[in-house]
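Novice: Under the numbering used here, read the sequence shown as residues 973 to 1275, first letter to last.
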Amino acid sequence: MLLKKNIPIAYVFGKVKYELLVILIYSLTIAVIHQFFLKVPISIPLSIPTILGTVISLLLGFRSNQAYDRWWEARQVWGAIVNDSRTLARQVINFTESQYEEDEVMQLRQRMIRRQMGWCYALGQSLRRMNPVSGLEKFISRRELENLSRFNNVPMAMLDQHGRDLKRALEEGYINRYQQMELDRTLTRLCDAMGKCERIKNTVFPSTYSLYIHFSLLLFIGMLPFGVIEHFGFLEIPVVVAISACFLLIEKMAIHLQDPFENKPTDTPMTAIASTIEKDLRQLLHDQEEPEEKRQEAFYYIM
């Protein structure tokens, strides 16, 4: 995702450079023919492209709003994933306990929290149509990784592994029934967030709507030189290019925002968010692994 406040001009106009080159050649050809080869000038009233441009502006504005709504919903969903991932780690650490099998409980905590770190990366890679198990070897065991490779939906399988660990923790007495229900609610929210992301990814923006707008925009650009050439002469070339660039950039912006999981600079920063979740959860694990006496000393020092 673009995180810089100042976006490079080269990046912005690089999205429409070929279209602008064609428009430049087209408007230059119209100006040369009009100036040197026609005895009777050919032009149209400026009000015609003006009206058409106004209609296209309204349509592009509506499409941009719809595309931004999709992008913002995706960002909200990943914000909820951040919260629920932290909640899951906190609940796993504070709910699980055993007086006689502390090592088993510690392994359970580490296994679930590390799996949750990997789940965030796996979900992002799955939404981007990338290999979802790539890089998961540093979060889960080799045996579990081989088991996940059999599933088409790897994030779903990882949530199922969470559920199996909770069932075993309940059977072993590491958690009680009420704690298991609270942890299961957190897993349900994570599953809901995954489903929302998949809905956004798999719901295609109406192609006919985009096609009609694009054809209307081409008609507007094609008529524009004939509407301004009587007023500007050869200066109609930069005028047409500048106006066309504004409309084309708005159209490109809407196209890029309408799919927030396409692995483009403008998509939802899922890798950065997953990295933040990993950092926070590793800190929780590190604090939980410290000796109790050391944590108590730090607590009293803060007090």
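Backbone N, C-alpha and C define an ideal beta-carbon position, used for all residues, glycine too.
For clarity, every value in this text was computed on a predicted model and none was experimentally measured.
By the DSSP assignment, the alpha helix (DSSP H) with K1224 in it spans what residues?
Specialist: Position 252 of the sequence shown, counted from the first residue, corresponds to residue 1224. Looking at the DSSP string, the run of the alpha helix (DSSP H) that includes K1224 is 1208-1229.
Novice: Of all the options I1227, A1061, I995, which has the alpha carbon lying nearest to the alpha carbon of S1036?
Specialist: Stepping through the sequence shown from its first residue, residue 1036 is reached at position 64. The candidate whose alpha carbon is nearest that of S1036 is I1227.
Novice: Considering Cα atoms alone, identify which of E1223, Q1230, L1142 is closest to I1185.
Specialist: Taking the sequence shown and counting its residues from 1, one reaches residue 1185 at position 213. That would be E1223, whose Cα lies nearest to the Cα of I1185.
Novice: Can you check whether the C-beta of G1135 is within less than 8 Å of a C-beta belonging to chain D?
Specialist: The chain inventory of the structure shown lacks chain D, comprising one protein chain alone.
Novice: Would you call I1005 buried or exposed, if buried means 16 or more other Cβ atoms sit within 10 Å of its Cβ?
Specialist: As a working note, residue 1005 is residue 33 in the sequence shown. The residue in question, I1005, is exposed, as its Cβ has fewer than 16 Cβ neighbours within 10 Å.
Novice: Within the continuous alpha helix (DSSP H) that includes P1017, where are the two ends?
Specialist: For the purposes of this step, residue 1017 is taken as the residue at position 45 of the sequence shown. Careful: P1017 lies outside any alpha helix (DSSP H) and carries neither H nor E.
Novice: Hey, how far is the Cα of G1096 from the Cα of T1243?
Specialist: Residue 1096 sits at position 124 when you count from the first residue of the sequence shown. Residue 1243 sits at position 271 when you count from the first residue of the sequence shown. For G1096 and T1243, the distance between alpha carbons rounds to 7 Å.
Novice: Within the same chain, show all residues whose beta-carbon is closer than 7 Å to that of N1103, passing over the 5 residues directly before and after it, in chain order.
Specialist: By 1-based counting over the sequence shown, the position of residue 1103 is 131. Q1097.
Novice: Since I believe T1240 is in contact with R1047 (beta carbons under 8 Å), could you give me their beta-carbon distance rounded to a whole number of angstroms?
Specialist: Translated into positions along the sequence shown, residue 1047 becomes position 75. Translated into positions along the sequence shown, residue 1240 becomes position 268. Yes, they are in contact, since the Cβ atoms of R1047 and T1240 sit about 6 Å apart, within 8 Å.
Novice: Roughly how many angstroms lie between the CA atoms of T1160 and Q1133, to the nearest whole one?
Specialist: Counting from 1 along the sequence shown, the entry for residue 1160 is found at position 188. Counting from 1 along the sequence shown, the entry for residue 1133 is found at position 161. Cα to Cα, the separation comes out at about 13 Å.
Novice: With distances taken from CA atoms, which of F985, K987, G1025, I1014 is nearest L1190?
Specialist: For this step, residue 1190 is matched to residue 218 along the sequence shown. Among F985, K987, G1025, I1014, the Cα nearest to that of L1190 belongs to G1025.
Novice: Check whether the Cβ atoms of T1068 and V1054 lie closer than 8 Å to each other.
Specialist: Locating residue 1068 in the sequence shown gives position 96, where the first residue counts as 1. Locating residue 1054 in the sequence shown gives position 82, where the first residue counts as 1. Contact flag unset, no.
Novice: State the CB to CB distance for the pair T1248 and T1158, rounded to an integer number of angstroms; the pair is presumed to be in contact (CB under 8 Å).
Specialist: By 1-based counting over the sequence shown, the position of residue 1248 is 276. By 1-based counting over the sequence shown, the position of residue 1158 is 186. About 18 Å separates the two Cβ atoms, so there is no contact after all.
Novice: In whole angstroms, what separates the C-alpha of E1073 from that of N1174?
Specialist: Translated into positions along the sequence shown, residue 1073 becomes position 101. Translated into positions along the sequence shown, residue 1174 becomes position 202. Their Cα atoms are separated by approximately 45 Å.
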